[in-house]
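As structure tokens, the structure follows; a few thoughts come after it.
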Amino acid sequence: MSDDHDDSPIAARVRELEAVLEEKGLLDPTELDQVLEAFAHKASPANGFRVVARAWVDDGFRARLLQDANAALPELGLSMGGGLQVQRLHVVENTEDVHNVIVCTLCSCYPLSLLGPSPTWYKSPAYRSRVVSHPREVLEQFGLTLPGTTKIEVWDANAESRYMVPPRRPEGTDGLGEAELAALVTRNGLIGTAAV
Amino acid sequence: MSERYRTGDRVRTSTVDPDHHTRLPHYARGHVGTVVGSDGVHPLADLSAQGVQVPQQVYLVRFSARDLFGHGDHNVTLSLWEEYLSDE
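Respectively, the protein sequence lines represent chains Y and G. Numbering that gives the first Met the number 0 puts the first residue of the first sequence at 0, with every later residue one more than the last. Numbering that gives the first Met the number 0 puts the first residue of the second sequence at 0, with every later residue one more than the last.
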């Protein structure tokens, strides 16, 4: 997973740490590679797009997803167990009255298995500090202007859980199939910084 | 593990600024919020960072922006270990 960053100082530090852990017998050299390879193959925003499209066409799935996302994901062959530990996923749905947006103010916690690697701005101090205190202004900077009547709910993934935002289904998409609907969804939509 | 707080309870967050790792962000310290759900039982991050595993109840706690920042009409919801909370 670190192919693009082989020369960076952090990559060198990670390699040194890995070497020390292996030397002390705390880490099996093959274990980390296996986990990273499996994770890199599976982690993609296309997973999140599929989940949203299914929720748009299948009310039963949508209800199960909102109630217990970890239990519903296997219906699409997905899980939150791609990393070393299974993380709890909260799916917080946008409605006519409520718009959700996710952040990790303490670091950069993010549902990688469903959204792929996080964008740089998600990890920036500017986003992490501003979106909790001034979400409406931050969303406007993303080009998303919400009606004054729309309530904004900010979810800080500050501990063990992760979040995903199903956007509202766009109007005029009644005739579209699940794959076509999935193609409408964007990564920023799943974070809550875009309408879809 | 028994839960000390129930959905709807009002709770106050700690004002302690520890000299070790914690998952209670500065902006949410010393404020009153409402428990909106359980977020499972997890090792308290403050101690697991020191190699000690003490599982404890985590709650989803919602704060109004006006309470946190003195302005804004939105809410912010965090996951907070019981350790960080006291009765209002």
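Virtual Cβ for every residue (Gly too), placed ideally from N, Cα, C.
Exercise. G/R3 and G/E87 look like a contact to me (Cβ under 8 Å); what is the Cβ gap, rounded to whole Å?
Worked result: Taking a contact as a CB-CB distance under 8 Å, the pair G/R3 and G/E87 does not count as one, their CB atoms being some 13 Å apart.
Exercise. Taking a cut of 9 Å between CB atoms, which residues from the stretch 57-71 of chain G lie near chain Y?
Worked result: Cβ contacts with chain Y: V57, L59, R61, A64, L67, F68, H70 and G71.
Exercise. Taking DSSP as the reference, what is the three-state secondary structure of Y/Y109?
Worked result: In the displayed model, Y/Y109 falls within coil according to three-state DSSP, outside both helix and strand.
Problem set entry | Beta-bridge partners of Y/M271, as assigned by DSSP | The displayed coordinates of chain Y run from 0 to 195. Any statement about residue 271 of chain Y would go beyond what the structure contains.
Exercise. Within 10 angstroms of its Cβ, does G/H70 collect 16 or more other Cβ (buried), or is it exposed?
Worked result: Label assigned to G/H70: exposed.
Exercise. Under a Cβ-count criterion, where at least 16 other Cβ atoms within 10 Å of its own Cβ denotes burial, should G/V10 be classed as buried or exposed?
Worked result: By the neighbour-count rule (16 or more Cβ atoms within 10 Å), G/V10 is buried.
Exercise. What separation, rounded to the nearest whole angstrom, lies between the Cα atoms of Y/A54 and G/S37?
Worked result: CA-CA distance, Y/A54 to G/S37, rounds to 24 Å.
Problem set entry | Limits of the beta strand (DSSP E) - the one that G/P54 falls within | Residues P54 to S63.
Problem set entry | Beta-carbon gap between Y/R161 and Y/P118 smaller than 7 Å | Between Y/R161 and Y/P118, the CB-CB gap reaches or exceeds 7 Å.
Problem set entry | Segment limits, beta strand (DSSP E) that includes G/L84 | That run of the beta strand (DSSP E) goes L84 to D86.
Problem set entry | Any C-beta of chain G under 7 Å from that of Y/L26 | So no, Y/L26 is outside the interface.
Exercise. Does G/H106 get closer than 7 Å to chain Y when you measure Cβ to Cβ?
Worked result: Residue 106 of chain G cannot be examined here, being either before or after the span of chain G that is shown, 0 to 87.
Problem set entry | Option nearest Y/P116 by Cα separation, candidates Y/S7, Y/H133, Y/I190 and Y/G24 | Each of Y/S7, Y/H133, Y/I190 and Y/G24 was checked against the Cα of Y/P116, and the nearest Cα belongs to Y/I190.
Problem set entry | Separation of Y/A18 from Y/T29, as counted between CA atoms | In this structure, the alpha-carbon of Y/T29 lies about 12 Å from that of Y/A18.
For this session: Please name the residues in the stretch 94-106 of chain Y whose beta-carbon is closer than 8 Å to at least one beta-carbon of chain G, in chain order.
Result: Of all residues in the stretch 94-106 of chain Y, only T104 and L105 place a beta-carbon less than 8 Å from a beta-carbon of chain G.
For this session: Would you mind working out which of G/V15, G/L43, G/H19 and G/D72 sits nearest Y/V153, comparing C-alpha positions?
Result: Per the Cα distances, G/D72.
Exercise. Chain Y partners of G/V75, CB-CB under 7 Å?
Worked result: The contacting residues are V131, V153 and D155.
For this session: Determine, using beta carbons only, whether Y/M0 comes closer than 7 Å to chain G.
Result: Interpretation of Y/M0 is limited by its pLDDT of 37, a score under 50 that renders its predicted location unreliable; no figure is taken from the coordinates.
Exercise. Is there at least one Cβ from chain Y nearer than 7 Å to G/R22's Cβ?
Worked result: Residue-level contact by beta carbon holds for G/R22 and chain Y, with a gap shorter than 7 Å.
For this session: State the CB to CB distance for the pair Y/E95 and Y/P165, rounded to an integer number of angstroms; the pair is presumed to be in contact (CB under 8 Å).
Result: Not confirmed; about 14 Å, so no contact.
For this session: Let me know the secondary structure DSSP gives Y/E95 once reduced to three states.
Result: Coil.
Exercise. What residue from Y/L180, Y/A182 and Y/R186 has the CA that sits closest to Y/Y121's CA?
Worked result: Nearest of Y/L180, Y/A182 and Y/R186 to Y/Y121, Cα basis: Y/R186.
Exercise. Given a threshold of 16 other Cβ atoms within 10 Å of its Cβ, counted over all protein chains shown, does Y/P146 qualify as buried or as exposed?
Worked result: The residue is exposed, with fewer than 16 neighbouring Cβ atoms inside 10 Å.
For this session: Check the DSSP bridge columns for G/G36 and list the partner residues they point to.
Result: DSSP, once it has assigned bridges, lists G/L59 as partnering G/G36.
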